[in-house]
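Per my numbering: the sequence shown = residues 22 to 189.
We treat Cβ as the ideally placed atom computed from N, Cα and C, and that holds for glycine.
Since we're looking at a predicted model, the values are computed, not measured.
Structure record follows, encoded as structure tokens.
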Amino acid sequence: GIVALEGQGQDELFSALAGSIRPSGGTIEVDGKPVKFAHPADAIRAGIAYVPGDRTEALTMQRSVRENIALPFSSALRNWGPINMAQERSKVVNAIERLQIDTRAQREVQRLSGGNQQKVTIARWIAAEAQTILCFDPTRGIDVGTKQEIYKLLRELADQGKSVLFYT
Numbered sequence: 022g023i024v025a026l027e028g029q030g031q032d033e034l035f036s037a038l039a040g041s042i043r044p045s046g047g048t049i050e051v052d053g054k055p056v057k058f059a060h061p062a063d064a065i066r067a068g069i070a071y072v073p074g075d076r077t078e079a080l081t082m083q084r085s086v087r088e089n090i091a092l093p094f095s096s097a098l099r100n101w102g103p104i105n106m107a108q109e110r111s112k113v114v115n116a117i118e119r120l121q122i123d124t125r126a127q128r129e130v131q132r133l134s135g136g137n138q139q140k141v142t143i144a145r146w147i148a149a150e151a152q153t154i155l156c157f158d159p160t161r162g163i164d165v166g167t168k169q170e171i172y173k174l175l176r177e178l179a180d181q182g183k184s185v186l187f188y189t
């Protein structure tokens, strides 16, 4: 986790790790190798996913739950070649079930509660099998019960060998 007072550089740290800005100094390494990200897509290709505190930054609110979770797969189709649609569907369904997201998955994300919206953001990266998940205040504005679910899920991901960097 990151411990700092508000405004002490945590925004910049997470933005640099997620590929949104270039760091003014230092080195970012993935699996022991230095990397430079010119764009967030570069970080995603390196297995780094970003879960912002403001879920509207991460979601396409007029799209369905399934479409939002499947977004990394559409990028794969465009950038890296064909994908297995049955495998994509399976990963999306598994992520929805694992996070117990509102089962009316054809609904627009904007109609879900804030907690379910944030679960969709996290489910996207579980389905995409991200190796590192950057969580910047991921439980902001979420009810206590859902906060506990998200904390438990992040702990499970860490226990499975995923890297979880958490700031709140």
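Our two residues, I117 and K140, have alpha carbons roughly 9 Å apart in a direct line. Within the DSSP secondary-structure output, V72 pairs in a beta bridge with C156. A contact is defined here as three or more CB-CB pairs under 8 Å, and the stretch 150-157 meets this definition with respect to the stretch 177-185. Residue pairing by DSSP places E50 opposite P55 in a beta bridge. Between V113 and I90, the CB-CB gap stays under 8 Å. If you ignore the 5 residues before and after P93, its C-beta comes within less than 7 Å of the C-beta of I65, R145, A149, all in its own chain and listed in chain order.
Rounded to the nearest whole angstrom, the C-alpha separation of L155 and G28 is 18 Å. Around D32, the same chain offers no residue with a beta carbon nearer than 7 Å, after the five sequence neighbours per side are excluded.
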